[in-house]
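Q: Protein chains in written order, with this note's numbering: chain B, 1 to 217; chain A, 218 to 434.
Ideal placement from N, C-alpha and C gives every residue a C-beta, glycine not left out.
One structure is given below, represented as structure tokens, and several questions about it will come after.
Number of protein chains: 2
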Amino acid sequence: MGIPEKVINRLTMYHFILEDMREDEKYISSTKLANLLNIDNSQVRKDLKYIDNQGKCRVGYEVKSLKRKIEECLGFKKTKDVFIVGAGNLGSALAKYDSFKDYGLNVLAMFDKDSKKIGTMINGREVFDISKVGNLAQRLGVEMAILTVPKEYSQGVANYLAGAGIKYIWNFTPCILDVPSDVKVWNENLIGSFLQFTNNEKDEKAKDDDRNKSMYG
Amino acid sequence: MGIPEKVINRLTMYHFILEDMREDEKYISSTKLANLLNIDNSQVRKDLKYIDNQGKCRVGYEVKSLKRKIEECLGFKKTKDVFIVGAGNLGSALAKYDSFKDYGLNVLAMFDKDSKKIGTMINGREVFDISKVGNLAQRLGVEMAILTVPKEYSQGVANYLAGAGIKYIWNFTPCILDVPSDVKVWNENLIGSFLQFTNNEKDEKAKDDDRNKSMYG
């Protein structure tokens with residue numbers, strides 16, 4: 001059975017909480033998880049039913065087993081190899097974001113068109129000329145790219161990636177990409193996030209339980 | 218009337234599309250907007266009703282006026298001053314992300330505890346000692362901070378920011394912050410995004426129209 005995206009999002013946040021618990025904390029209650037995320041207790045219990053985890057009366061969920069089940073369910077161990085296309089500030093920051101690998105995201109290589117960057121290493125990943133994407137994607141079996149090029153190049157590079165066999169683009173540029181139907185795009189809309197946060201603040205009544213990210217306070 | 222978060226998110230994406238249109242394209246249809254985001258035509262029309270914009274029969278929406286209305290509605294011109302706390306890779310990348318200012322986000326200063334960084338400039342913003350947050354927040358009337366410190370410091374720094382008068386924390390760390398009830402947190406859950414994208418791919422049937430970000434393809 002598929003898990004709705006908003007549940008996946010919350011499961012990762014429960015995992016962050018479990019990760020931060022002390023060794024001697026063996027159990028956690030749905031109330032504690034709910035309070036930390038400022039959501040309903042019943043929502044937590046509903047979410048955890050997706051991963052077939054049973055809380056125990058009075059003591060709550062066993063931390064280790066809950067963590068393991070979230071990991072299995074969301075495939076943290078099934079590592080996904082990705083390329084970062086655009087070795088600028090944001091691309092480099094993402095290459096240096098070491099938490100990714102704990103959750104199954106493995107950055108294999110980076111690409112840029114700037115000859116000054118090509119051949120350099122960023123946190124252990126070589127920066128290649130962008131013209132090599134297709135060849136390397138095929139050789140290494142990589143289908144996913146994180147797109148962090150400047151805004152004005154995003155559509156052109158997306159076209160190029162689609163032609164080079166990339167099937168999944170995680171798009172960090174503030175552009176809506178027009179891609180062939182066999183290519184999937186996930187927009188990491190940072191500007192939308194900021195405006196949701198600040199507009200929400202202006203009008204608390206606009207609160208929307210279906211939101212994907214969590215605003216709490 | 219409050220606008221639901223997912224509508225705010227889509228409105229910013231419509232704005233990205235309008236921004237990229239050529240000068241001579243005066244009108245855009247809801248079908249074109251819908252196709253680019255792989256959502257329903259009727260969804261686009263519903264969203265645009267929130268900003269009181271009327272499409273014209275046959276020709277569609279007037280690009281300039283639609284753009285202006287989205288800008289007014291979401292407050293792009295009402296600039297919000299923010300601090301970036303954590304002048305590492307991600308913090309620096311966000312300080313260099315020039316699109317932010319077009320959408321009303323103005324990074325005033327950065328903070329770190331690393332003496333090698335303090336006093337340096339990142340894209341025109343000075344890096345101050347983190348102990349100065351409270352004083353500067355009060356003097357400059359800043360209530361919002363972007364949190365980009367390493368994971369292990371996030372809760373401690375969040376406590377400190379709360380004590381220093383920061384009321385809104387845009388959290389880029391993979392940690393769930395436990396903050397006083399007068400402080401609001403927005404989690405930029407990059408890991409959750411990645412897992413939503415990749416798990417979605419595995420099971421197309423899990424598609425969820427209520428998603429906040431857009432996956433299309």
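1. How is K430 of chain A classed by DSSP in three states: helix, strand or coil?
2. In terms of residue numbering, what span does the alpha helix (DSSP H) encompassing E19 of chain B cover?
3. Are I386 of chain A and V402 of chain A closer than 7 Å when you measure CB to CB?
4. Between which two residues does the beta strand (DSSP E) containing F345 of chain A stretch?
5. Pick from B:L190, B:E143, B:G88 and B:N89: whose alpha carbon is nearest that of N106 of chain B?
6. Between the beta-carbon of G165 of chain B and the beta-carbon of A137 of chain B, is there less than 7 Å?
7. Could you tell me if the beta carbon of P150 of chain B falls within a distance shorter than 6 Å of some heavy atom in the ligand PLP?
8. Enumerate in chain order the residues of its own chain whose CB-to-CB distance from Y160 of chain B is below 8 Å, with the five nearest sequence positions on each side excluded.
9. Rounded to whole angstroms, what's the CA-CA distance from V179 of chain B to F128 of chain B? Just pull it up for me.
10. What are the boundary residues of the beta strand (DSSP E) that N388 of chain A is part of?
11. Determine the DSSP secondary structure at D102 of chain B, reduced to helix, strand or coil.
12. Going by C-alpha to C-alpha distance, which of A:Y320, A:L325, A:D331 and A:I408 sits closest to Q196 of chain B?
13. From this set, B:I118, B:N189, B:L147 and B:R139, which residue's C-alpha is nearest M230 of chain A's C-alpha?
14. In three-state terms, what does DSSP make of A381 of chain A?
15. Could you tell me which residues DSSP pairs with N404 of chain A in its beta bridges?
16. Can I301 of chain A and A310 of chain A be called in contact, C-beta distance under 7 Å?
17. At what residues does the alpha helix (DSSP H) containing V63 of chain B begin and finish?
18. Mind pulling the alpha helix (DSSP H) runs of 4 or more residues that sit fully within the stretch 235 to 268 of chain A?
19. Taking D395 of chain A as the query, report the chain B residues whose CB atoms sit under 8 Å from its CB, ordered along the chain.
20. Can the beta-carbon of F233 of chain A be found less than 7 Å from the beta-carbon of I122 of chain B?
21. Of all Cβ atoms in chain A, is any one closer than 7 Å to the Cβ of A164 of chain B?
22. Given a limit of 7 Å on CB to CB distance, which residues of the stretch 12 to 34 of chain B reach chain A?
23. Counting C-beta neighbours from all protein chains within 10 Å, is the total for V276 of chain A 16 or more, i.e. buried, or is it exposed?
24. Could you check what DSSP says for L200 of chain A in three-state terms: helix, strand or coil?
25. One question on the structure: do K297 of chain A and T198 of chain B come within less than 7 Å of each other, judged by their Cβ atoms?
26. Looking at C-alpha atoms only, which residue of B:D98, B:E126 and B:G119 is the closest neighbour of L108 of chain B?
27. Could you check what DSSP says for K151 of chain B in three-state terms: helix, strand or coil?
28. With distances taken from CA atoms, which of A:S398, A:E279, A:L291 and A:Y244 is nearest E222 of chain A?
29. Run through the DSSP bridge pairs and tell me what V107 of chain B is partnered with.
30. Check the Cβ of K46 of chain B against every Cβ in chain A and list those closer than 8 Å, keeping chain order.
31. Taking C-alpha atoms, which residue in B:P174, B:L48, B:G192 and B:F194 lies nearest to K67 of chain B?
32. Using the Cα positions of F317 of chain A and G336 of chain A, report the straight-line distance between them to the nearest angstrom.
33. Any beta-carbon of chain A closer than 7 Å to the one on K49 of chain B?
34. Leaving out the 5 sequence neighbours to the left and right, which residues in its chain are closer than 6 Å to I3 of chain B when beta-carbon positions are compared?
A: If we stick to the structure as given:
1. By 1-based counting over the second sequence, the position of residue 430 of chain A is 213. Bear in mind that a pLDDT of 46 at K430 of chain A, under 50, signals an unreliable position, so the model cannot answer this.
2. The sequence position of residue 19 of chain B within the first sequence is 19, counting from 1. Per DSSP, E19 of chain B belongs to the alpha helix (DSSP H) from E5 to E19.
3. Here the question's residue 386 of chain A lines up with position 169 in the second sequence. Here the question's residue 402 of chain A lines up with position 185 in the second sequence. Yes. Within cutoff.
4. Here residue 345 of chain A refers to the residue found at position 128 when the second sequence is read from its first residue. Where F345 of chain A is concerned, the enclosing beta strand (DSSP E) stretches over R342 to D346.
5. Walking along the first sequence from the start, residue 106 of chain B turns up at place 106. The shortest C-alpha separation from N106 of chain B is found at B:E143.
6. Counting from one through the first sequence, the residue named residue 165 of chain B turns up at place 165. Counting from one through the first sequence, the residue named residue 137 of chain B turns up at place 137. For G165 of chain B and A137 of chain B, yes; Cβs fall inside 7 Å.
7. Ligands in the displayed structure: none, and consequently the ligand PLP is not present.
8. As a first step, residue 160 of chain B is located in the first sequence; it is residue number 160 there, counting from the start. Hits under 8 Å: I130 and V133.
9. Locating residue 179 of chain B in the first sequence gives position 179, counting from the first residue. Locating residue 128 of chain B in the first sequence gives position 128, counting from the first residue. Looking at the two C-alpha atoms, the distance is approximately 23 Å.
10. By one-based count along the second sequence, residue 388 of chain A stands at place 171. Unbroken beta strand (DSSP E) run through N388 of chain A: Y385 to N388.
11. Walking along the first sequence from the start, residue 102 of chain B turns up at place 102. It is helical.
12. As a first step, residue 196 of chain B is located in the first sequence; it is residue number 196 there, counting from the start. Checked all of A:Y320, A:L325, A:D331 and A:I408; the closest Cα to Q196 of chain B is A:Y320.
13. Position 13 of the second sequence, counted from the first residue, corresponds to residue 230 of chain A. Checking every option, the nearest Cα to that of M230 of chain A belongs to B:N189.
14. If you number the second sequence from 1, residue 381 of chain A lands on position 164. Note: A381 of chain A maps to coil in three-state DSSP.
15. As a first step, residue 404 of chain A must be located in the second sequence, where it is residue number 187. For N404 of chain A, which the question treats as bridged, DSSP gives the partners A:N388.
16. Indexing the second sequence from 1 puts residue 301 of chain A at position 84. Indexing the second sequence from 1 puts residue 310 of chain A at position 93. For I301 of chain A and A310 of chain A, no; Cβs fall outside 7 Å.
17. As a first step, residue 63 of chain B must be located in the first sequence, where it is residue number 63. Counting along the chain, the alpha helix (DSSP H) containing V63 of chain B begins and ends at V63 to L74.
18. 247 to 254 and 258 to 266
19. Counting from one through the second sequence, the residue named residue 395 of chain A turns up at place 178. The contacting residues are L36.
20. Here residue 233 of chain A refers to the residue found at position 16 when the second sequence is read from its first residue. Here residue 122 of chain B refers to the residue found at position 122 when the first sequence is read from its first residue. No; because the gap between Cβ atoms is not below 7 Å, this pair is not in contact.
21. Counted from its first residue, the first sequence places residue 164 of chain B at position 164. For A164 of chain B, the answer is no, since every Cβ of chain A falls outside 7 Å of its Cβ.
22. T12, M13, F16, I17 and D20
23. Indexing the second sequence from 1 puts residue 276 of chain A at position 59. Exposed, since its Cβ has fewer than 16 Cβ neighbours within 10 Å.
24. With chain A represented from 218 up to 434, any question about residue 200 of chain A goes unanswered, as that position is not in the structure.
25. Within the second sequence, numbered from 1, the residue matching residue 297 of chain A stands at position 80. Within the first sequence, numbered from 1, the residue matching residue 198 of chain B stands at position 198. Closer than 7 Å, so yes.
26. On the first sequence, position 108 is the one that residue 108 of chain B refers to. The candidate whose alpha carbon is nearest that of L108 of chain B is B:E126.
27. Position 151 of the first sequence, counted from the first residue, corresponds to residue 151 of chain B. Three-state DSSP puts K151 of chain B in a helix.
28. Position 5 of the second sequence, counting from 1, holds the residue named residue 222 of chain A. The candidate whose alpha carbon is nearest that of E222 of chain A is A:L291.
29. Indexing the first sequence from 1 puts residue 107 of chain B at position 107. In the DSSP output, where bridge partners are listed per residue, V107 of chain B has B:V82.
30. For the purposes of this step, residue 46 of chain B is taken as the residue at position 46 of the first sequence. Those do not exist, as K46 of chain B stays about 14 Å from chain A at its closest Cβ, beyond 8 Å.
31. In the first sequence, the residue the question calls residue 67 of chain B occupies position 67. It is B:L48.
32. Here residue 317 of chain A corresponds to residue number 100 of the second sequence, with the count starting at 1. Here residue 336 of chain A corresponds to residue number 119 of the second sequence, with the count starting at 1. If you take the alpha carbons of F317 of chain A and G336 of chain A, they lie about 23 Å apart.
33. Counting from one through the first sequence, the residue named residue 49 of chain B turns up at place 49. Output row for K49 of chain B: interface = no.
34. Here residue 3 of chain B corresponds to residue number 3 of the first sequence, with the count starting at 1. Y50, listed in sequence order.
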